[in-house]
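Everything on this sheet refers to the single structure shown next.
Numbering (our numbering), first residue to last: 1 to 407.
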């Protein structure tokens, strides 16, 4: 069996999904996701100009060797562009191998460890009342785990991941501008208000609900340690990205002062990025994504290392990951003995389902993976022709005095 061609498609309903389709001489094709949020044209071009020419003529069953070929032959290794491109190829090869074998990818990994994978939704509000309304909606939909983000009184702009007053917080997904929007951040206001939010949410929803919160890299190490210690009584399922992951040693200070579970890794691209924090057991959940992390082959190695050190999975699952990436993670979730939880923002609009048809589905707080061969997701090229690339940017963040800060 030989690879005869590969094509890249950029676009989708509301998102610039980067979809790779690898064709073989036996009529079997595989699909991969190379979407790098708000930098989508970069991995697409990297695939077209540098990787696909080398891929033609290779045996798609040799996915390990092909992964090593593209990783080791790249003098400037890793990084989100390279690893997203390699990740897309790797997903597509696993998809092909599953179709050859007539088995879902989770069976190729070693079979299911569970029937359904726990997922969490995003609840948000410009104020506490709107947040509670958003959480109530998701509870009615069967979610038992919810990430919460709340507007801070007196903060000049809504802040990370927060719906505006006129937006529907029940279905809120961050929208990106054609140029960067500006957010203003006040650490003191945040630190004083968020513990009150968690106290109210526990009083409103009880002790059984799993509550997650994303700081989004906004605190210094001492601030993060103090904050984690203060919110311990509210039994968070995790505290995500309390400090920028650039300095992993800062997590030691948080560990010294608090037992709140820490989740980090959505901006990581390789085992080497997260090795220290896993081996020193500085985190409780690893957030790396199958796309940015170089595909199933490499992320599986990270999952195995994490299992040795009592770290569970909590893969990134924002809408910037197409249903192909989410399917790859669904198979890993079904298999991983140290599975924790999966971020899940509903992608299932009619337009998205038409572009990426599959039998994967959500039910009662869990994601259920299809038992179709391969990844279990298809791609409609005629639907893809309806969409074109549209540039977008993440916001930029400044402190109240104008200093640039972490997004």
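For glycine and all other residues, C-beta sits at the position ideal for the given N, C-alpha and C.
Around the C-beta of residue 198, 16 or more other C-beta atoms lie within 10 Å, and the residue is accordingly described as buried. DSSP places residue 210 in no alpha helix (DSSP H) but in the uninterrupted beta strand (DSSP E) bounded by 210-214. The beta carbon of residue 393 sits closer than 7 angstroms to the beta carbons of 38, 176, 177, 179 and 180 from its chain, once the five residues preceding and following it are set aside; these are given in chain order. DSSP places residue 343 within a strand segment (E or B) once states are collapsed to three. For residue 32, the enclosing beta strand (DSSP E) starts and ends at 29-33. Ranking 142, 115, 155 and 122 by CA distance to the CA of residue 149 puts 122 first. Put simply, the region 34-49 touches the region 82-90. At least three CB pairs are less than 8 angstroms apart. Under DSSP, residue 320 forms no beta bridge with any residue. Following the DSSP letters along the chain, one finds residue 263 inside the beta strand (DSSP E) bounded by residues 262-264. Annotation note: the region 274-327 contains the following uninterrupted alpha helix (DSSP H) runs of length 4 or greater, listed N- to C-terminal: 296-308. Per DSSP, residue 95 is one residue of the alpha helix (DSSP H) stretching across 80-101. Between the C-alpha atoms of residue 74 and residue 354 there is a straight-line separation of about 36 angstroms. About 6 angstroms separates the CB atoms of residue 33 and residue 19; that is less than 8 angstroms, so the two are in contact. Straight-line spacing of the CA atoms in residue 234 and residue 289 works out to 28 angstroms. Per DSSP, reduced to three states, the secondary structure at residue 75 is coil, with no helix or strand assignment. Residue burial annotation: residue 243 is buried, with at least 16 other C-beta atoms found within 10 angstroms of its C-beta. The beta carbon of residue 305 sits closer than 6 angstroms to the beta carbons of 278 from its chain, once the five residues preceding and following it are set aside; these are given in chain order.
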